[in-house]
Ligand code: HEM
Ligand SMILES: [Cu+2]
Ligand SMILES: [Cu+2]
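Residue numbers (the numbering used here), protein chains in the order written: chain A, 1 to 513; chain B, 1 to 140.
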């Protein structure tokens, strides 16, 4: 078995390795560590908001603002991207039947930029919010926090570009000549799509960060109106990167579900072609909708309409993924082990998140939802409900292949139930809070609004349940990776083994050219 | 029905729903943005962390805005420092405050009472407390 850590090795051997499975493991461990760190911040935020007028947990609004900023930055750049890269490192070379990533050293360098960028974000603890809108981030955000954040994000952005180059070359150039591109498994297709998207999307934010920095230093005034600049320019540069980026966060999780669902349904995938088509469509149309984040900035009517059409145009492709999953499960002999449970839960939440997304794409409705808790609920149904569900399912799936041991299935099911319950309770409730008009990113809210108080309390209890699920996850990861039952490495999930496991390909090292 | 047909039907239904959402939004938004000719202009200035208002007749107010029932008002929205968002949730009045730009939003209250005004774009330290109130008076 290729993925297995056959013998325990000293940590430094893994740390200084450039082999794709070692780098993959580093990415995974780092990404999951940051997930728990950012999760603690989320628990602080939600617990603080349980009562209005409360200040014993978080004593002032600056601290609160710093906490939600670092929570968001960490979840996106230090959890979502690294975990996708980690699984990508494990599986992509095997799926295209090559001995490693195309550029192993570059791969290791790209990984090691993550802890450095992460350290800058956490040591700075900026208060700009993850979007860092100008002019706040230029004229008001305190340094050195904001400057450290800019440098940290710069480093993480470069890391993301380097690893994207690596995936593109690995998949397109190092693929086994006998394997046609259209037959490459869909998870690798998702990594190819998001890597190409990153190469197009990231430069605009990279430029914006440099401009923010020089603006902060006072040597330029790109985004500063008192120096002749325009904050709207920042918003365009930012969202040109980050609307596509939301698909960059999403698609690897969808790709992972494409790995898990056929296997646990014990049926071939319904349609490879439909999956490839939907990835490519999302990869392109994802670039046509960034303006839906800016409807209320004073955008003229025609521009709003164009961006609304661009946003809605991406929806059928998402529908095709959902259809593909359902058609694959249809009539299958489904085994509801943890990886499958998380995939199915993720699909259901993906569907509800998409339905909510269509609503806030509609211009008049966005004037109700924008800047409120609705948007917080919307994005978390994707980020927690879909992306984290897909990732967690994949981590459970790959667990025996990495550790040679089984996690505790009962604990994993408890994790699943608590996470699904918690996700629904927190994020559906936040949609309602948004409809009640509660703005996002607020340290406190008036005690006389009883509906806000009630909904906040419901959401907070949901967050505790969600957090409890992650405690179960942590036990599974820490305890059962060394103390769990030894896994049957030929078929750890007892699926019958008739189905093709790319990572069981013998000695892929010798298959390359 | 085979899966293939079902997939086309699904795509068709999704596109139909999207067309409906798109066309309906177009119609509604078009209507919403039509400012009545007799709307009175009210200047709104958002800054860290309070609202100031200036009526057409030159009277100024801070954080509390008095308007009359049955009149149309067109807000002219100015910013002084960072971005904010001018919001009266009960009347779906919502537009960003962008320093260097002048933005617009209008409404015509047909009900008297007191309604909250708040900031809906993160603007730092006291963003959560950048609240005011709108008082719609019943006088004709
Ligand atoms: C069906 C697909 C989707 C549609 C139609 C959609 C639509 C929208 C719209 C219209 C907004 C702007 C809301 C506002 O601020 O007023 C928005 C915000 C957002 N969406 Fe989506 N979205 C979709 C998919 C996704 C996915 C897949 C993700 C993440 C993986 C995502 C993450 C976000 C985030 C993070 C924001 C808010 C950013 C912020 O202001 O901090 N969305 N979405
Ligand atoms: Cu977007
Ligand atoms: Cu504000």
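From the three backbone atoms N, C-alpha and C, an ideal C-beta is built for every residue, glycine too. Computed from a prediction, not measured in an experiment: that's the story for all the values here.
- Sorted by chain position, residues whose beta-carbon lies closer than 6 Å to a non-hydrogen atom of ligand 3 are 84/B, 119/B, 121/B, 122/B, 123/B, 127/B, 130/B.
- For the C-beta of residue 140/A, the chain B residues within less than 9 Å are, from N- to C-terminus, 48, 81, 82, 123, 124, 125.
- For residue 411/A, the closest Cβ of chain B is not nearer than 8 Å.
- Annotated as distal: residue 311/A and residue 349/A, with beta-carbon spacing of 8 Å or more.
- Straight through space, the alpha carbons of residue 101/B and residue 225/A are spaced by roughly 9 Å.
- Between ligand 2 and the CB of residue 246/A, the shortest heavy atom gap is smaller than 7 Å.
- Across the structure, residue 218/A and residue 77/A are spaced so that their CA atoms are roughly 28 Å apart.
- In the three-state DSSP reduction, residue 82/B falls in the coil class, being neither helix nor strand.
- Taking a beta-carbon distance threshold of 8 Å, residue 358/A counts as an interface residue toward chain B.
- The stretch 295 to 380 of chain A contains, as complete alpha helix (DSSP H) runs of 4+ residues, the segments 301 to 313, 315 to 329, 338 to 361, 363 to 369, 373 to 380 (chain order).
- In the structure shown, residue 493/A adopts coil according to DSSP, grouped into three states.
- Partner residues in the beta bridge of residue 118/B, as assigned by DSSP, are 87/B.
- For residue 119/A, the number of other beta carbons within 10 angstroms of its own is below 16, and it is reported as exposed.
- Contact of residue 308/A with chain B is assigned, a C-beta pair being separated by under 8 Å.
- Inter-segment contact for the stretch 134 to 141 of chain A and the stretch 69 to 76 of chain A is absent: fewer than three beta-carbon pairs are separated by less than 8 Å.
- The beta carbons of residue 364/A and residue 9/B sit no closer together than 8 Å.
- Between residue 24/B and residue 296/A, the alpha-carbon positions lie close to 19 Å from each other.
- Between the stretch 298 to 318 of chain A and the stretch 356 to 372 of chain A, the count of C-beta pairs closer than 8 Å reaches three or more; the two stretches touch.
- Closer than 7 Å at the C-beta level to chain B, one finds these residues of the stretch 212 to 231 of chain A: 225, 230, 231.
- For residue 22/B, a Cβ of chain A is located within less than 8 Å of the residue's own Cβ.
- Non-local C-beta neighbours of residue 417/A in its own chain, meaning closer than 6 Å and more than five positions away in sequence, are absent.
- Residue contact check for residue 43/A against chain B: no CB pair falls below 8 Å.
- The C-beta of residue 103/B comes closer than 8 Å to at least one C-beta of chain A.
- Residues of chain B whose Cβ lies closer than 7 Å to the Cβ of residue 312/A are, in chain order, 18, 21, 22.
- Nearest CB-CB separation between residue 62/A and chain B: below the 8 Å threshold.
- Contact of residue 305/A with chain B by beta-carbon distance below 7 Å involves 26.
- Shown here for residue 192/A: same chain residues with a beta carbon closer than 6 Å to its own, the five before and five after excluded, namely 171 in chain order.
- Contact of residue 135/A with chain B by beta-carbon distance below 8 Å involves 81, 82, 83, 99.
- For residue 51/A, the nearest beta carbon of chain B is not closer than 8 Å to its own beta carbon.
- Taking 7 Å as the cut-off, the C-beta of residue 101/B does not count as close to any heavy atom of ligand 2.
- Residue 243/A has its alpha-carbon roughly 20 Å from the corresponding atom of residue 152/A.
- Burial of residue 376/A is indicated by the presence of at least 16 other C-beta atoms within 10 angstroms of its C-beta.
- Residue-level contact check: residue 323/A touches chain B, since one or more beta carbons of chain B fall below 8 Å from its beta carbon.
- Counting along the chain, residue 49/A sits inside no beta strand (DSSP E), nor does DSSP assign it H or E at all.
- Counting only the Cα atoms, residue 150/A lies some 14 Å from residue 234/A.
- By the rule that beta-carbons nearer than 8 Å mark a contact, residue 7/B touches chain A.
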